[in-house]
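If you read the sequence shown in our numbering, its first letter stands for residue 5, the second for the next number, and so on.
Cβ coordinates follow ideal geometry from the N, Cα and C atoms, glycine included.
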Amino acid sequence: MNLLGISSLFLAADGLSITFIVLFAVASVALALVTVLYVRHKRNTKKAELELGEASERAQKMIAEAQAASKALKKEAILEAKEQELKLRNDFERESREKRAELAKQEQRLTQREDNLDKREDSLGKKSDALEQQKKDLANREQEIKKTQDKINHQHELMIQELEKVAQLTKDEAKTLLANEILDETRHDVALQVRNIEQTAKEEASNEAKKIITLAIQRCAADHTAETTVSTVSLPSDDMKARIIGREGRNIRALENATGIEFIIDDTPEVVILSGFDPIRREVARLSLEKLIADGRIHPARIEETVEKVRKELDTEIKQAGESAMFEVGIFGLHPELIKLIGRLKYRTSYGQNVYRHSIEVSLLAGLMAQELGLDVNFAKRAGLLHDIGKAVDHEQEGTHIRLGADLAKKYKENANIVNAIEAHHGDVEPKTVEAVLVAAADAISGARPGARRETGTNYVKRLEKLEEIASGFNGVDKSYAIQAGREVRVIVKPEQIDDAQALFLAKDIAKKIESELEYPGQIKVNVIREFRSVEYAK
Numbered sequence: 005m006n007l008l009g010i011s012s013l014f015l016a017a018d019g020l021s022i023t024f025i026v027l028f029a030v031a032s033v034a035l036a037l038v039t040v041l042y043v044r045h046k047r048n049t050k051k052a053e054l055e056l057g058e059a060s061e062r063a064q065k066m067i068a069e070a071q072a073a074s075k076a077l078k079k080e081a082i083l084e085a086k087e088q089e090l091k092l093r094n095d096f097e098r099e100s101r102e103k104r105a106e107l108a109k110q111e112q113r114l115t116q117r118e119d120n121l122d123k124r125e126d127s128l129g130k131k132s133d134a135l136e137q138q139k140k141d142l143a144n145r146e147q148e149i150k151k152t153q154d155k156i157n158h159q160h161e162l163m164i165q166e167l168e169k170v171a172q173l174t175k176d177e178a179k180t181l182l183a184n185e186i187l188d189e190t191r192h193d194v195a196l197q198v199r200n201i202e203q204t205a206k207e208e209a210s211n212e213a214k215k216i217i218t219l220a221i222q223r224c225a226a227d228h229t230a231e232t233t234v235s236t237v238s239l240p241s242d243d244m245k246a247r248i249i250g251r252e253g254r255n256i257r258a259l260e261n262a263t264g265i266e267f268i269i270d271d272t273p274e275v276v277i278l279s280g281f282d283p284i285r286r287e288v289a290r291l292s293l294e295k296l297i298a299d300g301r302i303h304p305a306r307i308e309e310t311v312e313k314v315r316k317e318l319d320t321e322i323k324q325a326g327e328s329a330m331f332e333v334g335i336f337g338l339h340p341e342l343i344k345l346i347g348r349l350k351y352r353t354s355y356g357q358n359v360y361r362h363s364i365e366v367s368l369l370a371g372l373m374a375q376e377l378g379l380d381v382n383f384a385k386r387a388g389l390l391h392d393i394g395k396a397v398d399h400e401q402e403g404t405h406i407r408l409g410a411d412l413a414k415k416y417k418e419n420a421n422i423v424n425a426i427e428a429h430h431g432d433v434e435p436k437t438v439e440a441v442l443v444a445a446a447d448a449i450s451g452a453r454p455g456a457r458r459e460t461g462t463n464y465v466k467r468l469e470k471l472e473e474i475a476s477g478f479n480g481v482d483k484s485y486a487i488q489a490g491r492e493v494r495v496i497v498k499p500e501q502i503d504d505a506q507a508l509f510l511a512k513d514i515a516k517k518i519e520s521e522l523e524y525p526g527q528i529k530v531n532v533i534r535e536f537r538s539v540e541y542a543k
């Protein structure tokens, strides 16, 4: 029923009031709405029932499929478990068979060992019986030997008593006499062997050393003339002496105070003598005086200015001289203070030999000899250049140049072997390296070659006399002569007191005493001569 029908009802109904019509209309609308809602509810209910039925069917299918899958998995698990069980059973049976086989083998080996042990036990029993029999035999023999030894000892005692009666010597006296004879013969043989060995070694070493030293000297290009520090200044005329002295001696006093050197102006024509123990100061004084003479202005203020200027110039020259020496020998890395000290050696002399040139020469010789022997050339050169570094300060500090040089090397962080080479180059300590021995040899070569050094006539004569006196002070020495300018001492011994073996030891003793009591340049050869002359006259 729709609204048009309801409206028709309102129009057709005669005699009904307006209120009834309205109520009827409202009721109709409500009924229509209820009807619509009911229809929709029924429709939704059927749809829901249909969907629920479909979901139930799907659930039944899924349950059926899950049950089928579960049965299949269960079957597979059962099959897999059975296969695993079968595999484990097979493995167990195989391992059991292997263990049973191994146990059978072990049982067989044990059985065999038991058989072997039984056999060994039988063999040991037999050996034990044999040993017991041998012990009994040895005991019997030992008793027989003891009886025989007693008889021999008794006879030996009787023989010794007879020998003592015949020789008129006791047993101990005979032993002492025999021991002395054997000892004398042994000493003689040992001395001869030592002599032969030393002679052979000396010949071989001498030839090899001469070869190496000759090659080193030939290749060394160092100067071979001794240099001395000039201590005199020539003047253009004697009138210059008065200007140097100055009014009331003020100029010469200023010179002496500024330089620390004594200026001797005497009757010697056109010469001023400089006297001072420090060669550096003496050189400063010489150069200052020469500059003042050339300038012509000589007064205290000018003197102080010139001396200070010369001192600075000389410091620069000393440093340059040290660097020049370092480059000449081919070594690098020296401490700057050591370079300056090497330069100071240019103005230092020893026995008339310039120490600067001597150090360079020793460095080159040591390096060349090290090269010939396959040793460390740089180390040998460095030690050779620094071996006399202590002479650069020995006028200023107490101590020998060896001790001072070693202290300087330690102070400026030189290698311990370099320090040892400095200490050992005069034999004060034992050398620790072969290069240290080469430095000592190079020092001896440089100092002992002809013309290298000089000494005063008085000291020379005293040294030769002392040399002969030391050699003549030994027992058995007949005469001794110092020859070759004191580089060799020839000792003639009495043949009836000194034999050939004793002559060998005598030469060593004389050399040791010379080393301990005498100071000398280079080295001294000790030559012991023994000769026997038999003289008879025919009548």
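According to DSSP, is residue i helix, strand or coil?
{"i": "Phe267", "result": "strand"}
{"i": "Lys498", "result": "coil"}
{"i": "Lys414", "result": "helix"}
{"i": "Ser279", "result": "strand"}
{"i": "Thr236", "result": "strand"}
{"i": "Glu540", "result": "coil"}
{"i": "His228", "result": "Because the pLDDT at His228 is just 43, under 50, the model does not fix this residue reliably, and the point stays unresolved."}
{"i": "Ile343", "result": "helix"}
{"i": "Val170", "result": "helix"}
{"i": "Glu523", "result": "coil"}
{"i": "Glu252", "result": "helix"}
{"i": "Gly371", "result": "helix"}
{"i": "Phe331", "result": "helix"}
{"i": "Lys401", "result": "As written in the sequence, residue 401 is Gln, which differs from the Lys given in the question. DSSP places Gln401 in coil when its eight states are reduced to three."}
{"i": "Pro304", "result": "helix"}
{"i": "Lys151", "result": "helix"}
{"i": "Asn48", "result": "helix"}
{"i": "Glu53", "result": "helix"}
{"i": "Asn157", "result": "helix"}
{"i": "Thr39", "result": "helix"}
{"i": "Phe336", "result": "coil"}
{"i": "Glu69", "result": "helix"}
Taking DSSP's pairing of strands, which residues face residue i in a bridge?
{"i": "Thr353", "result": "Asn358"}
{"i": "Ser484", "result": "Val495"}
{"i": "Asn531", "result": "Arg494"}
Beta-carbon within less than 6 Å of residue i's beta-carbon, same chain only, minus the 5 sequence neighbours each way: which residues are those?
{"i": "Arg537", "result": "none"}
{"i": "Gly326", "result": "Ile343, Lys344, Ile346, Gly347"}
{"i": "Val530", "result": "Val493, Ala511, Ile514, Ala515"}
Excluding the 5 residues preceding and the 5 following residue i in the sequence, name in chain order all residues of the same chain whose CB lies nearer than 8 Å to its CB.
{"i": "Val423", "result": "Ala410, Ala413, Lys414"}
{"i": "Lys436", "result": "Asn421, Asn424, Ala428"}
{"i": "Thr39", "result": "none"}
{"i": "Lys470", "result": "Glu521, Leu522"}
{"i": "Glu308", "result": "Ala258, Ala262"}
{"i": "Gly490", "result": "Tyr464, Arg467, Leu468, Leu471, Tyr524, Ile528"}
{"i": "His260", "result": "Residue 260 is actually Glu in this sequence, not His. For Glu260, where only same-chain residues beyond five positions count, the Cβ hits under 8 Å are Glu266, Phe267."}
{"i": "Ile249", "result": "Asn255, Ile256, Ile269"}
The ligand SAM heavy atoms versus the CB of residue i: any closer than 6 Å?
{"i": "Asp513", "result": "Absent from the structure shown: the ligand SAM. Ligands present: none."}
For residue i, which residues of its own chain have a beta-carbon under 7 Å away from its beta-carbon, when the five flanking residues on both sides are left out?
{"i": "Gly335", "result": "Just to set this straight, residue 335 is Ile in the shown sequence, not Gly. If we look at Ile335 and ignore the five residues flanking it on each side, its Cβ neighbours are Asn382, Lys385, Arg386, Leu389."}
{"i": "Glu332", "result": "Ile364"}
{"i": "Glu341", "result": "Tyr416"}
{"i": "Val481", "result": "Ala475, Val495, Val497"}
{"i": "Asp242", "result": "Pro273, Glu274"}
Would the stretch 348 to 356 and the stretch 297 to 316 be scored as touching if the rule is three or more Cβ pairs under 8 Å? no
Counting pairs of beta carbons, one from the stretch 465 to 484 and one from the stretch 494 to 504, are three or more of them closer than 8 Å? yes
Touching by the beta-carbon criterion (3+ pairs, under 8 Å), the stretch 278 to 296 and the stretch 236 to 249: yes
So, do the stretch 435 to 445 and the stretch 369 to 384 have three or more beta carbon pairs nearer to each other than 8 Å? yes
Any contact of the stretch 246 to 260 with the stretch 313 to 325, i.e. 3+ C-beta pairs under 8 Å? no
Inside the stretch 173 to 206 only - alpha helix (DSSP H) runs reaching at least 4 residues: none
So does the stretch 193 to 209 actually touch the stretch 500 to 513, counting three or more Cβ pairs closer than 8 Å? yes
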